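Here my numbering is used: the first residue of the sequence shown is 10, the next is one more, and so on.
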Amino acid sequence: MILELDQVTVTFSTGPPLRRRALHAMRDVSLHVGEGETLGLVGESGSGKTTTGRVALGLRRPTSGTVSFEGRPFGRRRRELAGRMQAVLQHPHWSLNPRMRVGRSVAEPLVVLGRAERGEVREMLEQVGLEAELADRYPHELSGGQRQRVSIARALITRPGFIVFDEAVSALDVSVQVQILNLIKDLQADFGFSALFISHDLGAVRYVADRIAVMRGGEVVETADTETFYTSPAHDYSKQLLRAL
Ligand SMILES: Nc1ncnc2c1ncn2[C@@H]1O[C@H](COP(=O)(O)OP(=O)(O)OP(=O)(O)O)[C@@H](O)[C@H]1O
Ligand SMILES: [Mg+2]
Numbered sequence: 010m011i012l013e014l015d016q017v018t019v020t021f022s023t024g025p026p027l028r029r030r031a032l033h034a035m036r037d038v039s040l041h042v043g044e045g046e047t048l049g050l051v052g053e054s055g056s057g058k059t060t061t062g063r064v065a066l067g068l069r070r071p072t073s074g075t076v077s078f079e080g081r082p083f084g085r086r087r088r089e090l091a092g093r094m095q096a097v098l099q100h101p102h103w104s105l106n107p108r109m110r111v112g113r114s115v116a117e118p119l120v121v122l123g124r125a126e127r128g129e130v131r132e133m134l135e136q137v138g139l140e141a142e143l144a145d146r147y148p149h150e151l152s153g154g155q156r157q158r159v160s161i162a163r164a165l166i167t168r169p170g171f172i173v174f175d176e177a178v179s180a181l182d183v184s185v186q187v188q189i190l191n192l193i194k195d196l197q198a199d200f201g202f203s204a205l206f207i208s209h210d211l212g213a214v215r216y217v218a219d220r221i222a223v224m225r226g227g228e229v230v231e232t233a234d235t236e237t238f239y240t241s242p243a244h245d246y247s248k249q250l251l252r253a254l
């Protein structure tokens with residue numbers, strides 16, 4: 010088991026001053042991601058998917074409940090785990106600095122860990138299907154699909170055991186989406202990382218996930234093997250989501 014969430018609740022306090030109220034972005038969420046496995050996380054906007062991804066990466070501390078990585082609770086281990094977990098987000102400009110050459114952005118996670126870059130940037134760009142020469146370009150000189158490949162190269166450079174993809178293909182054209190989804194599957198076969206693949210697009214999730222978890226209003230309402238889920242969903246809400254597909 011690479012990642013385990015046990016009864017995780019995240020409560021935000023929202024609303025104007027004097028009229029603050031508690032909002033449960035996650036409520037008693039228990040989930041796990043096995044070694045080499047991809048867990049798809051689906052649900053409508055605001056259901057708590059991104060919050061779950063952030064908690065899984067240790068970027069947000071749960072209000073209650075525990076998160077374990079490789080069998081040990083997070084606690085104060087977040088720093089120690091830097092580089093072991095990475096994220097690929099919807100908009101590459103959230104992870105790629107527009108004023109930085111692509112090569113430097115890809116190398117950055119290594120630099121943060123205090124490691125020297127010894128040809129890994131070139132190697133990673135080629136792994137994600139880009140020419141190594143692209144390292145000298147700026148993000149705005151690339152297509153959306155190329156930029157997302159760069160984000161993936163950047164995530165992979167520290168050889169993480171676990172990657173969160175949060176709406177990683179949602180902003181791309183359908184044909185490019187398929188290319189990136191195929192790339193993710195190929196890379197997973199080569200590198201063996203485990204993944205949490207978050208998307209509101211049930212078609213995309215089916216393509217990459219081994220299992221699916223469905224969130225609604227901060228709660229996980231169903232978890233099932235991908236095939237079982239798409240052929241015979243158990244929960245009414247899942248059926249509703251699939252009908253909309
Ligand atoms: N920092 C925050 N402060 C207050 N409320 C927040 C914060 N982050 C998220 N929320 C709220 O928590 C709930 C879950 O948000 P979250 O971003 O996890 O949903 P999501 O499933 O990723 O949605 P989307 O599909 O739109 O990305 C929402 O109601 C959101 O408004
Ligand atoms: Mg989100």
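We treat Cβ as the ideally placed atom computed from N, Cα and C, and that holds for glycine. Since this is a predicted model, take the numbers as computed values, not measurements.
Secondary structure note for Gly62: it is in no beta strand (DSSP E), and the uninterrupted alpha helix (DSSP H) holding it is Lys58 to Ala65. With 7 Å as the limit between CB and the heavy atoms of ligand 2, the residues that fall short of it are Lys58, Thr59, Asp175, Glu176 and Ile207. In this structure, DSSP gives Asp199 a helical state, which the three-state scheme calls helix.
Remark: the C-beta of Ala34 is in contact range of ligand 1, defined as less than 8 Å to any heavy atom. Assignment of Leu68 by DSSP, reduced to helix, strand and coil, places it in the coil class. By the C-beta density criterion, Met35 is buried, having at least 16 other C-beta atoms within 10 angstroms. Taken through DSSP and simplified to helix, strand or coil, Met94 comes out as strand. Within the chosen limit of 8 Å, ligand 1 does not reach the beta carbon of His41 with any heavy atom. Remark: the shortest separation between the CB of Phe83 and any heavy atom of ligand 1 does not fall under 8 Å. No Cβ-Cβ contact shorter than 9 Å links Val229 with Val173. With a threshold of 16 other beta carbon atoms within 10 Å, Pro26 falls short and is exposed.
For Ala213, the uninterrupted alpha helix (DSSP H) run begins and ends at Leu211 to Val217, by DSSP. DSSP places Leu254 in the coil class of the three-state scheme, outside both helix and strand. With respect to the C-alpha of Glu126, the residue from Ser247, Val115 and Glu135 having the closest C-alpha is Val115. Cβ neighbours of Asp234 within its own chain (closer than 6 Å, five residues either side excluded): Arg220. DSSP places Ala141 in the helix class (H, G or I) of the three-state scheme. Residue pairing by DSSP puts Phe21 in a beta bridge opposite Leu32.
Rounded to the nearest whole angstrom, the C-alpha separation of Tyr239 and Gly128 is 42 Å. Between ligand 1 and the CB of His209, the shortest heavy atom gap is smaller than 8 Å. Around the beta-carbon of Met10, fewer than 16 other beta-carbon atoms lie within 10 Å, marking it exposed. Its Cα nearest to that of Ile207, the residue Leu48 stands out among Gly92, Leu12, Leu32 and Leu48. Cβ atoms of Phe200 and Leu165 come within 8 Å of each other, at about 6 Å. In the DSSP annotation of this structure, the continuous segment of the alpha helix (DSSP H) that includes Ala116 starts and ends at Val111 to Val121. Per the C-alpha coordinates, the member of Gly138, Glu117 and Gly24 positioned closest to Val185 is Gly138.
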